[in-house]
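Engineer: Residue numbers (the working numbering), protein chains in the order written: chain A, 2 to 291; chain B, 536 to 1063. For each residue, glycine too, the CB sits at the ideal point set by N, CA and C. Quick one: the structure is below, questions incoming.
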Amino acid sequence: MAARGGDFLTLTNVVGILQNSVALGLVAVGQTAVILTGSLDLSVAYLISLGTLVAATTMEDGSVVTGVLAVLALSAAVGLANGLIVTGLKVNAFIATLGTAFILRGWIEENYTGPAGQVPASFQHLGYDRVGPIPVSLFLLLAVAAALWVVTRRTRFGHHLYATGGDEHAARLSGVRTRRTVIAAHVLCSLCVGAAALFLASRLGAGAPWAGTEARYDLESIAAVVLGGTVLAGGRGGVAGTLGGVLVLAVLDSVFNQLGVDPFFKNVVRGVVIIAAVALYARRGARRSA
Amino acid sequence: MHAKQATHTMLAMHGVSKSFLGVRVLHGVSLDLAAGEVHALVGENGAGKSTLMKILAGEHVPDAGTITLDGRNHSFSHPAQAQAAGIGIIHQEFALLEHRTVAENVFLGREPTRYGLVDRRAMEEQAAQLLTELGELDIGPRSYVRDLSVARQQTVEIVKALASEVRVLVMDEPTAPLADHEAGLLHALVRRLAARGLGILYISHRLREVFELSQRVTVLKDGRHVTTVRTKDTSADGIVRAMVGRELSAYYPPRARPEEVGETRLTVRGGGNARLRGIDLTLRAGEVTGIAGLQGSGRTSLARALFGAAPFTTGTMTVGGAPLRPGTPRQAIRAGIALVTEDRKAEGLALRQSVRDNTLLVTRAVPDRERPPAARELTALLGKVRLHARGEDQEARYLSGGNQQKVVIAKWLAARPRVLLFDEPTRGVDVGAKAAIHTLVRDLAKEGLAVLIVSSELPELIGMSDRILVMAEGRIAGELPAGASEEDVMRLATTSDGPEPPRGTDPPPPPAPAAREGSAPIAQEGAA
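Encoded structure:
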């Protein structure tokens, strides 16, 4: 950003905005992969909660490494389950992932009554350290986003993601293994969610049952993806747009917080922005096909 | 030189059987194909052509039978395996991603990679090279498919098949979506591909192109192999006979006698809108009026204007003697006008509803025209249109094209119309059902309805009509009496300022000459 707009565009402020978007960014980038295939993941919020709990409790007794591995294994398993339910049982993704969300929620409520576990100080570097003015966690987001960008744009798997979402039948007829593609996208998404859970665990210093649900990462991430120009039906869009969407949401938040605007009005504006953006995309699409 | 009459069998399918949900759709069908051969596959709707080809392409797994390619046995369970073996298929519905580029589509599923990443440059270069080989210099590998015409999209499909080094190319009614000159280009392309040594299985309903292109023809009927003959040893009549299992000489019902033509039911004077101008038209009870014209001449616009779907904005119109220019379909229906549209799946039927609900659709929506018929009347109505369904509860989407069309007609008859408009009444309907619909239309005219038929199939239009109005550039270019020749019609349709057309209805001449001349598109294959 070249312009300096008074108090708002101070370095601290910009860095603050970016830091706040790390968790949402990680989830939304993962969500992009799933949505590109025409699927969807509503279980991300509870997976984050459970992820922070698993991370903190494992790290309390063991090492950071086992904690990280445990979270990633959990995430991969949930993603795999989502993918298998969607492709194998042919349950609509909305319902399938809502179902896994309920299961995760039940598990959390049964086993954790409140914040649990504790992450070692060494692991909190991820949440709080900076390289110069830039938080370390931002590098995590950028690394994950860059990796996903390469995967979606430059690998065969990425091409197949777009193809499966664009027209599953056509993709299948062209020899694309569409089921595997959808399953892999779900696993990829959940791994990103796992990364977000690790980041949040590091920030919070402990696991929390509300870590993912309070910030509504499920719907929020979908909003960011759609705001970034990815079509909910799949096949069009991409990771770069999603980062833009996340940034827009974060900037809105930040501006409203600074101005001390009533939260009701803030949510109204967010809603209007999302609807307006998608309406705009729809008009553009209609003109193109006309 | 290429080996067109190669005796070497490249592909053999033997004893292929397949059932869906307990219904046997293929009974031990066998087929073989030589390199460099164009082998046509014909048959009525539901004969099993598409299913057989889908088995070959790995989309369905056969219950029994073998597929041998170059002496090797294959059993495919995924399209990718068939592709790897060298079988490519061009579907009626293109398998293209419209928001991706030509190159991305051509190499979908087998993108070239370099260091593990997709090599976009190689992909685009190879796509460009293949396009150049086919003489398609106007298609750029980076163009988005959505920006291409239907014909070009089809070329992309063909290039896509060629990119995977196919040996056998299956083309399922490739000319159906194409205009005439595009079809000609496609034929040339097919010949070039065969000359390269590809074996081509060509499904078509257009017998003319079967004779132009193929060396052999295989006829399927009701899932069974009827015959395979060398194309030059047979005739269009012979093939039609094999397809339907009977002669189709008395194809069109006799026309109306002058005394059967009654009062005026609908008139238009000076009707016009954005697509039509100066329309003068009179429809009389008992008479079938045909509307001919090239694509875009305003045929469909006329039917839609009469029905109020895209209303006239100028001129006067009377229905049943009373002045009325319908501005909405609802007004037209109230006045007793019915329109059987061209696209019955999108505009004629609620596909997931039952036959009964579909038949009641109009009378339920506009009950002040005619009350919805009682159960017994409904059954009588469906009997009258000779519907073959498993029952009145069957969902419309499971009916064949012909039976779907009969339900649409029944839906309108329930409202007891005075004027019945048909836009392409037999599109996508097989030969047998076609004849039934023709007879039905004539019967309805005899009962005193005024009938108007729009059709792009000239033999049908000439065979059915008591007089023919030819449209060109949004107006009526002239009127021809019953039994006019195709040449007369085409002359009027193609010359905007034709000679003063003959007026009035002459007594009907002798029945039209055995109508099928191999040119007739018979039908489109429905879903398997």
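Could you name each continuous beta strand (DSSP E) segment of 3 residues or more that falls completely within the stretch 685-718 of chain B, going from the start of the chain to the end?
Structural biologist: Segments of the beta strand (DSSP E) lying fully in the stretch 685-718 of chain B: 703-707.
Engineer: Over what stretch of residues does the alpha helix (DSSP H) that includes residue 47 (chain A) continue unbroken?
Structural biologist: Here residue 47 (chain A) is taken as the residue at index 46 of the first sequence, counted from 1. First-last of the alpha helix (DSSP H) with residue 47 (chain A): 45-62.
Engineer: Write down the C-beta distance between residue 721 (chain B) and residue 698 (chain B) rounded to the nearest angstrom, noting that I regard them as a contact closer than 8 angstroms.
Structural biologist: Numbered from 1 along the second sequence, position 186 holds the residue referred to as residue 721 (chain B). Numbered from 1 along the second sequence, position 163 holds the residue referred to as residue 698 (chain B). Between residue 698 (chain B) and residue 721 (chain B) the Cβ distance is about 18 angstroms, and since that is not below 8 angstroms, they are no contact.
Engineer: What are the boundary residues of the alpha helix (DSSP H) that residue 140 (chain A) is part of?
Structural biologist: Counted from its first residue, the first sequence places residue 140 (chain A) at position 139. 137-155 is the span of the alpha helix (DSSP H), which, as asked, contains residue 140 (chain A).
Engineer: So with CB distances below 9 angstroms, who are the chain B contacts of residue 163 (chain A)?
Structural biologist: Stepping through the first sequence from its first residue, residue 163 (chain A) is reached at position 162. Here the neighbours are 632, 634, 635 and 639.
Engineer: Quickly, what does DSSP pair residue 554 (chain B) with across the bridge? List them, please.
Structural biologist: On the second sequence, residue 554 (chain B) is found 19 positions in, with the first residue counted as 1. Its beta-bridge partners are B:559.
Engineer: Would residue 823 (chain B) pass as an interface residue toward chain A - the criterion being a Cβ-Cβ separation below 8 angstroms?
Structural biologist: Mapped onto the second sequence, residue 823 (chain B) falls at position 288. Answer no: the Cβ-Cβ gap between residue 823 (chain B) and chain A never drops below 8 angstroms.
Engineer: Considering only C-alpha positions, which residue in the set B:729, B:548, B:731 and B:709 is nearest to residue 741 (chain B)?
Structural biologist: Looking up residue 741 (chain B) in the second sequence gives position 206. Per the Cα distances, B:709.
Engineer: With the cut-off set at 8 angstroms, would you say residue 576 (chain B) and residue 679 (chain B) are in Cβ contact?
Structural biologist: If you number the second sequence from 1, residue 576 (chain B) lands on position 41. If you number the second sequence from 1, residue 679 (chain B) lands on position 144. Not a contact, by the Cβ cut-off of 8 angstroms.
Engineer: Tell me the residue span of the alpha helix (DSSP H) that contains residue 659 (chain B).
Structural biologist: Here the question's residue 659 (chain B) lines up with position 124 in the second sequence. Here the alpha helix (DSSP H) through residue 659 (chain B) covers 655-668.
Engineer: List, in order along the chain, the chain A residues whose C-beta lies closer than 8 angstroms to that of residue 549 (chain B)?
Structural biologist: Numbered from its first residue, the second sequence carries residue 549 (chain B) at position 14. None at all; the shortest Cβ gap to chain A is about 24 angstroms.
Engineer: CB-CB under 7 angstroms to residue 795 (chain B), same chain, minus the five flanking residues each way: which ones, in chain order?
Structural biologist: Residue mapping note: residue 795 (chain B) aligns to position 260 of the second sequence, counting from 1. Hits under 7 angstroms: 821 and 981.
Engineer: Against chain A, does residue 783 (chain B) count as a neighbour if the rule is that its beta carbon must be under 8 angstroms from one of theirs?
Structural biologist: Working through the second sequence from its first residue, we reach residue 783 (chain B) at position 248. The pLDDT assigned to residue 783 (chain B) is 47, lower than 50, so where the model puts this residue is not dependable, and the model offers no usable value.
Engineer: Could you give the distance in angstroms between the alpha-carbon of residue 728 (chain B) and the alpha-carbon of residue 651 (chain B)?
Structural biologist: Here residue 728 (chain B) refers to the residue found at position 193 of the second sequence. Here residue 651 (chain B) refers to the residue found at position 116 of the second sequence. Straight-line Cα distance between these residues: approximately 33 angstroms.
Engineer: Listed from N- to C-terminal order along the chain, which residues in the stretch 166-177 of chain A have their beta-carbon within a distance smaller than 8 angstroms of any beta-carbon of chain B?
Structural biologist: The residues in question are 167, 168, 170, 171, 172, 173, 174, 175, 176 and 177.
Engineer: Applying the criterion that 16 or more other CB atoms from any shown protein chain within 10 Å of the CB defines a buried residue, is residue 863 (chain B) buried or exposed?
Structural biologist: Looking up residue 863 (chain B) in the second sequence gives position 328. The residue in question, residue 863 (chain B), is exposed, as its Cβ has fewer than 16 Cβ neighbours within 10 Å.
Engineer: Quick check on DSSP: helix, strand or coil for residue 278 (chain A)?
Structural biologist: As a first step, residue 278 (chain A) is located in the first sequence; it is residue number 277 there, counting from the start. Helix, per DSSP.
Engineer: Mind listing which residues of the stretch 230-257 of chain A have their C-beta closer than 9 angstroms to chain B's C-betas, in chain order?
Structural biologist: Under the 9 angstroms Cβ criterion, the stretch 230-257 of chain A contributes 232, 236 and 237.
Engineer: Using the three-state DSSP reduction, which class does residue 955 (chain B) fall into: helix, strand or coil?
Structural biologist: As a working mapping, residue 955 (chain B) is identified with position 420 in the second sequence. Reduced to three states, the DSSP call for residue 955 (chain B) is strand.
Engineer: Classify residue 808 (chain B) as helix, strand or coil using the three-state DSSP reduction.
Structural biologist: Your numbering for residue 808 (chain B) matches position 273 in the second sequence. Residue 808 (chain B): coil per DSSP, three-state reduction.
Engineer: Of all Cβ atoms in chain D, is any one closer than 8 angstroms to the Cβ of residue 181 (chain A)?
Structural biologist: The structure shown contains no chain D; its protein chains are A and B.
Engineer: Can you check whether the CB of residue 187 (chain A) is closer than 8 angstroms to the CB of residue 83 (chain A)?
Structural biologist: Start at 1 with the first residue of the first sequence, and residue 83 (chain A) comes out as number 82. Start at 1 with the first residue of the first sequence, and residue 187 (chain A) comes out as number 186. Yes, they are a contact pair.
Engineer: Counting only Cβ-Cβ distances shorter than 7 angstroms, please list the residues of the stretch 116-139 of chain A near chain B, keeping chain order.
Structural biologist: Those would be none; no residue qualifies.
Engineer: Between which residues of its own chain and residue 252 (chain A) is the CB-CB distance below 8 angstroms, once the five residues before and five after are set aside?
Structural biologist: Your numbering for residue 252 (chain A) matches position 251 in the first sequence. Excluding positions up to five away in sequence, the list reads 18.
Engineer: Would you kindly work out how many angstroms separate the C-alpha atoms of residue 290 (chain A) and residue 239 (chain A), rounded to a whole number?
Structural biologist: Within the first sequence, the letter at position 289 stands for residue 290 (chain A). Within the first sequence, the letter at position 238 stands for residue 239 (chain A). Note that residue 290 (chain A) scores 47 on pLDDT, short of 50, meaning its location in the model is unreliable; the coordinates nonetheless yield the value given after this. Near 20 angstroms, if we compare the C-alpha coordinates of residue 239 (chain A) and residue 290 (chain A).
Engineer: So, are the CB atoms of residue 631 (chain B) and residue 688 (chain B) less than 8 angstroms apart?
Structural biologist: Translated into the one-based positions of the second sequence, residue 631 (chain B) becomes position 96. Translated into the one-based positions of the second sequence, residue 688 (chain B) becomes position 153. In contact: residue 631 (chain B) and residue 688 (chain B) (Cβ atoms closer than 8 angstroms).
Engineer: Please report how far the alpha carbon of residue 1062 (chain B) lies from the alpha carbon of residue 932 (chain B), in whole angstroms.
Structural biologist: Here residue 1062 (chain B) corresponds to residue number 527 of the second sequence, with the count starting at 1. Here residue 932 (chain B) corresponds to residue number 397 of the second sequence, with the count starting at 1. Reliability fails at residue 1062 (chain B), whose pLDDT of 36 lies under 50, so the model's placement of it is uncertain and no value is given.
Engineer: For residue 620 (chain B), decide whether its Cβ has a neighbour in chain A, counting only Cβ atoms nearer than 8 angstroms.
Structural biologist: For this step, residue 620 (chain B) is matched to residue 85 along the second sequence. It does not; no Cβ of chain A falls within 8 angstroms.
Engineer: So, are the CB atoms of residue 243 (chain A) and residue 226 (chain A) less than 8 angstroms apart?
Structural biologist: Your numbering for residue 243 (chain A) matches position 242 in the first sequence. Your numbering for residue 226 (chain A) matches position 225 in the first sequence. Yes, these two residues count as a Cβ contact at 8 angstroms.
Engineer: Alpha carbon to alpha carbon, how far is residue 571 (chain B) from residue 563 (chain B)?
Structural biologist: Locating residue 571 (chain B) in the second sequence gives position 36, counting from the first residue. Locating residue 563 (chain B) in the second sequence gives position 28, counting from the first residue. Their Cα atoms are separated by approximately 26 angstroms.
Engineer: Taking a contact to mean a Cβ-Cβ separation below 8 angstroms, would you say residue 554 (chain B) touches residue 824 (chain B) in this structure?
Structural biologist: As a working mapping, residue 554 (chain B) is identified with position 19 in the second sequence. As a working mapping, residue 824 (chain B) is identified with position 289 in the second sequence. Going by C-beta atoms, residue 554 (chain B) is not nearer than 8 angstroms to residue 824 (chain B).
Engineer: So which residues on chain B does residue 157 (chain A) lean against when the C-beta distance must stay under 8 angstroms?
Structural biologist: Reading the first sequence from its first residue, position 156 is the one you call residue 157 (chain A). Result: 646, 648 and 653.
Engineer: Let's see if you can read the secondary structure: which residues bound the alpha helix (DSSP H) around residue 920 (chain B)?
Structural biologist: Along the second sequence, read from residue 1 onward, the residue named residue 920 (chain B) stands at position 385. No alpha helix (DSSP H) contains residue 920 (chain B), which DSSP labels as neither H nor E.
Engineer: Cβ atoms of residue 811 (chain B) and residue 833 (chain B): under 8 angstroms apart, would you say?
Structural biologist: Position 298 of the second sequence, counting from 1, holds the residue named residue 833 (chain B). Position 276 of the second sequence, counting from 1, holds the residue named residue 811 (chain B). Cβ atoms of residue 833 (chain B) and residue 811 (chain B): closer than 8 angstroms.
Engineer: Between which two residues does the alpha helix (DSSP H) carrying residue 639 (chain B) extend?
Structural biologist: The sequence position of residue 639 (chain B) within the second sequence is 104, counting from 1. Unbroken alpha helix (DSSP H) run through residue 639 (chain B): 637-641.
Engineer: Tell me, please, which residues DSSP counts as bridged to residue 736 (chain B).
Structural biologist: Walking along the second sequence from the start, residue 736 (chain B) turns up at place 201. B:574 and B:705.
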